[in-house]
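> Structure provided below as structure tokens; questions to follow.
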Amino acid sequence: MNKIPSRNIKILLRKIFYTLFIIFVYILGRHLVLPFSLQELDNVPSALSFTTALSLVTGGDFSVLSPFTLGLSPWMSTLILWQLFSSFEIFNIKKLSGKASYRLQLFIAITISAIQGAALLYLQFEHITSQLPLWQNCGLLLIIIGGSIFIVWLGNMNGEYGLGGITILMLVGIILNAVQLVLTLDWTSFINVHNTGYLLLAAVFIYFYVWQIVAMSQAEYQVPIRRILISQEYKQSTTLPIPLLPSGGMQFMYSMILYNLFTMLIRAISKSMPQISVLETLSQHLGFNSWIGLTLYMLIVAILCFAFGSLNFNTQEVSESLQKSGDFLIDTMPGNATKKKLDKILFRISLIEILYSCLLSGLPLVYSLFYPQYRTYALSVTMFFILISLSLNIIRQSRFILEYNTTPSIIEYLQQNK
């Protein structure tokens, strides 16, 4: 094993300290209660309590009014729209410069944060905003919008100088939520000697649960290929790897955002137009306490599995890259035939990912339909998957920094093996 250079260790430590500073600023912003809203939030509608838990996945917190209430939800929604615009070549965004693209993304994010912030103030905090004049409500909305853009800037700065990029804020939000859930447990009954067997069973279950997530996250489907520049003795082992979970957990994060946006939009419209009974009925069933809401959530997860699978493994780009390099799939012509074969393989892998994702996140939620007292904990299963996926990415990044430039040169290698 090559010795890790001290320079790499210093770079990693510098990035860690910078990330810790970003996390400190983020947590501080989450606990800064906005002016005009220093009232207790005990009267928050219970129908949105589970949606509040969902918001924590995006680094936000819908249970309290703070500059970071929305978290990264507007920015992640912007990225979804941006990918949609890019796929269908709307507004010719592919021809825009990097600076123009970023400005347009910020404009879309500000628009979405304004809509989402207004809906949040109107629905979640009506007992506060209804007692305030219009100018104070507008002030709260402006602070929330500014906070959502500031948190994006924090994430971008962490991506440039720290570890984990913008996803570190999601990671911290999930950890804070996990700590809150743990603190609500009745530890006296857990420590009871009669529950020792259950504790051991739970520990074994958690171990295998984490193990299967790590295994599935790193599993790959190997497509045999022929590379013209590879020696004959290595040709049999040359493959094109396709992740078994090509979405990488993104389907869970973004499905929660889309679900939040859709439910908040329906509730806001039904509240503004109470004469439309269909919207009123739909808004009452758009939650994880009904089969309609649960089915909608699973449908969004399935659609995003296909979407992010195609995004993360672009068969068009892969087939063009193989054709330019002269490499090819076995028994397949280069070009369009290669793309069609890769599309079929990716479709089958996406079906496996949909089945896995729906079982992983759907079974606990179905269980919570019959046992509502566990509804809040049911989402923690999905959060745990996101937590492990994001942690693995940070571990890979840290390992890359430590191992950077540690491979000996040809001269050093020959000298070591004389």
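Under this note's numbering, the first residue of the sequence shown is numbered 171, with each subsequent residue one higher. Where a beta carbon is used, it is the ideal one built from N, C-alpha and C, also for glycine.
1. Any idea which residues DSSP pairs residue 485 with across the strands?
2. For residue 230, which option in 383, 423, 177 has the closest C-alpha, if you only look at C-alpha atoms?
3. Answer with buried or exposed for residue 330, where buried requires no fewer than 16 other C-beta atoms within 10 angstroms of its C-beta.
4. Quick one: grab the DSSP three-state call for residue 471.
5. Going by DSSP in three states, residue 499 sits in which element: helix, strand or coil?
6. Bridge partners of residue 410, per DSSP?
7. Which residues bound the alpha helix (DSSP H) around residue 533?
8. Taking all protein chains shown into account, do 16 or more other C-beta atoms lie within 10 angstroms of the C-beta of residue 475, making it buried, or fewer, making it exposed?
9. From 382, 322, 287, pick the residue whose C-alpha is nearest to that of residue 438; which is it?
10. Return the residue from the list 395, 517, 456 that minimises the CA-CA distance to residue 503.
11. Tell me the DSSP secondary structure of residue 446 in three-state form.
12. Given that a residue counts as buried once 16 or more other Cβ atoms are within 10 Å of its Cβ, and exposed if not, what is residue 200?
13. Is the segment 287 to 296 in contact with the segment 428 to 443, if contact means three or more CB pairs nearer than 8 Å?
14. Could you tell me the boundaries of the alpha helix (DSSP H) in which residue 456 lies?
15. Quick one: what does DSSP say residue 436 is sitting in, helix, strand or coil?
16. Would you decide whether residue 334 is buried or exposed? Buried here means 16 or more other CB atoms lie within 10 Å of its CB.
17. With DSSP collapsed to three states, give me the class of residue 268.
18. Jot down the residue ranges of each uninterrupted alpha helix (DSSP H) in the segment 286 to 334, minimum 4 residues, whole runs only, in chain order.
19. Helix, strand or coil, according to DSSP, for residue 352 in the structure here?
20. Check whether the Cβ of residue 350 sits closer than 7 Å to any heavy atom of the ligand ADP, and report yes or no.
21. Within 8 Å, do at least three Cβ pairs link the segment 415 to 430 to the segment 505 to 523?
22. Since residue 489 and residue 512 are thought to touch, with beta carbons under 8 Å apart, how far apart are those beta carbons, to the nearest angstrom?
23. What is the DSSP secondary structure of residue 232, reduced to helix, strand or coil?
Let me lay it out:
1. Per DSSP, residue 485 has no beta-bridge partner at all.
2. Ranking 383, 423, 177 by Cα distance to residue 230 puts 423 first.
3. It is exposed - the Cβ of residue 330 has fewer than 16 other Cβ atoms within 10 Å.
4. If DSSP states are grouped into helix, strand and coil, residue 471 belongs with the helices.
5. Reduced to three states, the DSSP call for residue 499 is strand.
6. Beta-bridge annotation (DSSP): residue 410 is paired with 393.
7. From DSSP, the alpha helix (DSSP H) with residue 533 extends over 506 to 540.
8. For residue 475, the number of other beta carbons within 10 angstroms of its own is at least 16, and it is reported as buried.
9. In this structure, 287 is the residue among 382, 322, 287 with its C-alpha nearest to the C-alpha of residue 438.
10. Ranking the options by Cα distance to residue 503, first place goes to 395.
11. DSSP, reduced to helix, strand and coil, places residue 446 outside both helices and strands of the structure shown, so it counts as coil.
12. Counting Cβ neighbours within 10 Å, residue 200 comes out buried, since at least 16 surround it.
13. In this structure the segment 287 to 296 lies against the segment 428 to 443, because at least three pairs of beta carbons, one per stretch, are closer than 8 Å.
14. No alpha helix (DSSP H) holds residue 456; DSSP gives it neither H nor E.
15. In the three-state reduction of the DSSP assignment, residue 436 falls in the helix class.
16. Burial call: buried.
17. In this structure, residue 268 counts as helix in the three-state DSSP scheme.
18. For the segment 286 to 334, whole alpha helix (DSSP H) runs of length 4 or above, ordered along the chain, are 296 to 299, 304 to 331.
19. In this structure, residue 352 counts as helix in the three-state DSSP scheme.
20. Judged by which ligands are present, the structure shown has none, so any question about the ligand ADP falls away.
21. Segments in contact, yes.
22. 6 Å between Cβ atoms; contact.
23. Of the three classes helix, strand and coil, the one that applies to residue 232 here is coil, per DSSP.
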